[in-house]
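In full-length UniProt numbering, the protein residues as written are 1 to 502. What follows is a single structure, written as structure tokens, with notes after it.
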């Protein structure tokens, strides 16, 4: 029997009133949805009712999820005081013991998933303003500067502009399919609330290509990738949603990327294996939602080697990067997504904390600054300079050519020093997402492992019957003494308790 959680009442009625027998096994997919708190039996949601052995009769229950949801001590204490039933996935009374855990890293190593990479694009507000001023001042356009900047950032990432891949291959293959997550469906602010801006899915979808075209008119050398964007939401019926997903799955035209914008309806239950990227234009306020969304781009597909998580943020004009990053609300999307990945991916946790130790950019994440390093006039002067240099270097001779005018040096206009934004973001990421106790815990774990090995070796060496093992260890100690210039003189054998072999 296959059923949705919403139809659980039908199954219960079949068992209680139509002699449907007890199930041998009940498999609960997306089991994180079955967590939560209930006050009375009448308040039980359809998701929580699956735990009730009387309501749904079954010998065994198997809960499966990629994102286990666990409530902290504070939530559990509040639940106990309020006589609330709290369903947390670390409670064996409701969920039983863990049967098997498959980590992100193991799934990638076994080829069950492709790996992912996070791209954070820091867009300079002044850079965007100068290039999109005509579009932004249009009375018929309600798009805000921040939203336009994020669209440009997404387009550059989809085009792989300034990425590590582009540095290795001057003409990388652009991404072809992406899902964008926004804050609200409609662009209108809630009634009675002023100065409240929320990124609208419909507005992003409607203006995406217009913003790209306006930007390309000023910076056409950065690529000609066309973006087709559509919107989907939970208010659409099943056939409408499927039509949108079919459009996304279909092969897009040459040099075109298709983007399906939404708020929440594409977080779960969406199967588009060829999806290249997920775009987070706003915070998600849920680690489960973030990891579920990232899971969309980790599906295997022919020729696919990696999925991308794209996070566009805006650096205000005239503000130093480290000062701008102090605004937690504006850059919350970055910290939130990285924290969610850190909590569910063991590799990402180690990578973030390693950055604090090495200072080197990690392989699974890129921070790219898009600022206004050269205004239009500077570009023209550079072009003129190159023409003069080519004329002077003609065949290595100046015979037959007019004397070139003296070259006037000039300074191009740079908003931030190269690398300043990237360094500021990397430092803030370590501060926001790293764990101060990581290396202390690591050292403690290593010490425990070392003590366990020492105890095991001592046990073996103290038994006279283990002659072969004692001889091997004595030979090892001798080699260590020779190679380390006897710096461990006596300490190694003394700490283990090994005498000469007999």
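Cβ coordinates follow ideal geometry from the N, Cα and C atoms, glycine included. Since the structure is predicted, the reported quantities are computational estimates derived from the model, not experimental observations.
Does DSSP put residue i in a helix, a strand or coil?
i, result
"residue 382", "Because residue 382 sits at a pLDDT of 40, beneath the cut-off of 50, its placement in the model cannot be relied upon, and the following sentence gives the value as read from the coordinates. If DSSP states are grouped into helix, strand and coil, residue 382 belongs with the helices."
"residue 226", "strand"
"residue 55", "coil"
"residue 7", "helix"
"residue 309", "strand"
"residue 158", "helix"
"residue 177", "strand"
"residue 13", "helix"
"residue 401", "Low per-residue confidence applies at residue 401: pLDDT is 45, beneath 50, and the placement is therefore not dependable, though the value from the model is reported in the following sentence. Residue 401 falls in the coil class under three-state DSSP."
"residue 102", "coil"
"residue 370", "strand"
"residue 87", "strand"
"residue 184", "strand"
"residue 45", "coil"
"residue 232", "coil"
"residue 152", "helix"
"residue 201", "helix"
"residue 23", "strand"
"residue 283", "coil"
"residue 466", "coil"
"residue 408", "Bear in mind that the predicted position of residue 408 carries a pLDDT of just 46, short of 50, making it unreliable; the figure below should be weighed with that in mind. In this structure, residue 408 counts as coil in the three-state DSSP scheme."
"residue 449", "helix"
"residue 18", "coil"
"residue 92", "helix"
"residue 113", "coil"
"residue 291", "helix"
"residue 132", "coil"
"residue 2", "coil"
"residue 454", "helix"
"residue 353", "helix"
"residue 459", "helix"
"residue 343", "helix"
Out of the options, which has the shortest C-alpha to C-alpha gap to residue i?
i, options, result
"residue 474", "461, 465 and 161", "461"
"residue 325", "278, 424 and 305", "424"
"residue 31", "47, 38, 21 and 37", "47"
"residue 368", "223, 5 and 124", "124"
"residue 241", "57, 149 and 266", "266"
"residue 469", "456, 481 and 480", "456"
"residue 336", "102, 120 and 188", "120"
"residue 285", "363, 331 and 21", "331"
"residue 110", "20, 158, 300 and 250", "300"
"residue 218", "133, 344 and 54", "133"
"residue 122", "12, 157 and 298", "157"
"residue 354", "316, 315, 433 and 93", "433"
"residue 153", "329, 482, 314 and 447", "314"
"residue 309", "138, 320, 290 and 303", "290"
"residue 201", "316, 182, 62 and 129", "182"
"residue 91", "76, 19, 103 and 60", "76"
"residue 20", "52, 37, 57 and 51", "57"
"residue 302", "320, 317 and 273", "273"
"residue 23", "297, 127 and 62", "62"
"residue 338", "426, 479, 322 and 263", "426"
"residue 428", "334, 472 and 446", "334"
"residue 94", "52, 351 and 71", "52"
"residue 565", "151, 118 and 236", "Outside the shown range of the chain (1 to 502) lies residue 565, about which nothing can therefore be said."
DSSP beta-bridge partners for residue i?
i, result
"residue 314", "123"
"residue 257", "227"
"residue 428", "None; residue 428 has no bridge partner."
"residue 63", "28"
"residue 365", "118"
"residue 326", "Its beta-bridge partners do not exist; DSSP assigns none."
"residue 239", "DSSP output for residue 239 lists no bridge partner at all."
"residue 37", "86"
"residue 262", "181"
"residue 208", "Per DSSP, none; premise fails for residue 208."
"residue 278", "179 and 309"
If contacts are defined as beta-carbon pairs under 8 angstroms, then residue i and residue j qualify, I think. What distance do you get, rounded to the angstrom?
i, j, result
"residue 282", "residue 199", "5 angstroms"
"residue 88", "residue 35", "6 angstroms"
"residue 269", "residue 114", "In fact, because the Cβ distance is near 20 angstroms, the residues do not count as touching under 8 angstroms."
"residue 277", "residue 175", "5 angstroms"
"residue 311", "residue 280", "5 angstroms"
"residue 203", "residue 227", "Not confirmed; about 15 angstroms, so no contact."
"residue 185", "residue 233", "5 angstroms"
"residue 261", "residue 205", "4 angstroms"
"residue 587", "residue 66", "Absent from the model: residue 587. The displayed extent of the chain is 1 to 502, so no value can be given."
Counting only beta-carbon separations shorter than 8 angstroms, does residue i have a partner in chain C?
i, result
"residue 28", "Considering every chain present, this structure includes no chain C. It has just one protein chain."
ask   = Counting Cβ pairs, one atom from each stretch, are 3 or more of them under 8 angstroms apart for the stretch 246 to 253 and the stretch 147 to 165?
value = no
query = Is there contact between the stretch 46 to 65 and the stretch 7 to 21, where contact requires at least three CB pairs shorter than 8 angstroms?
reply = yes
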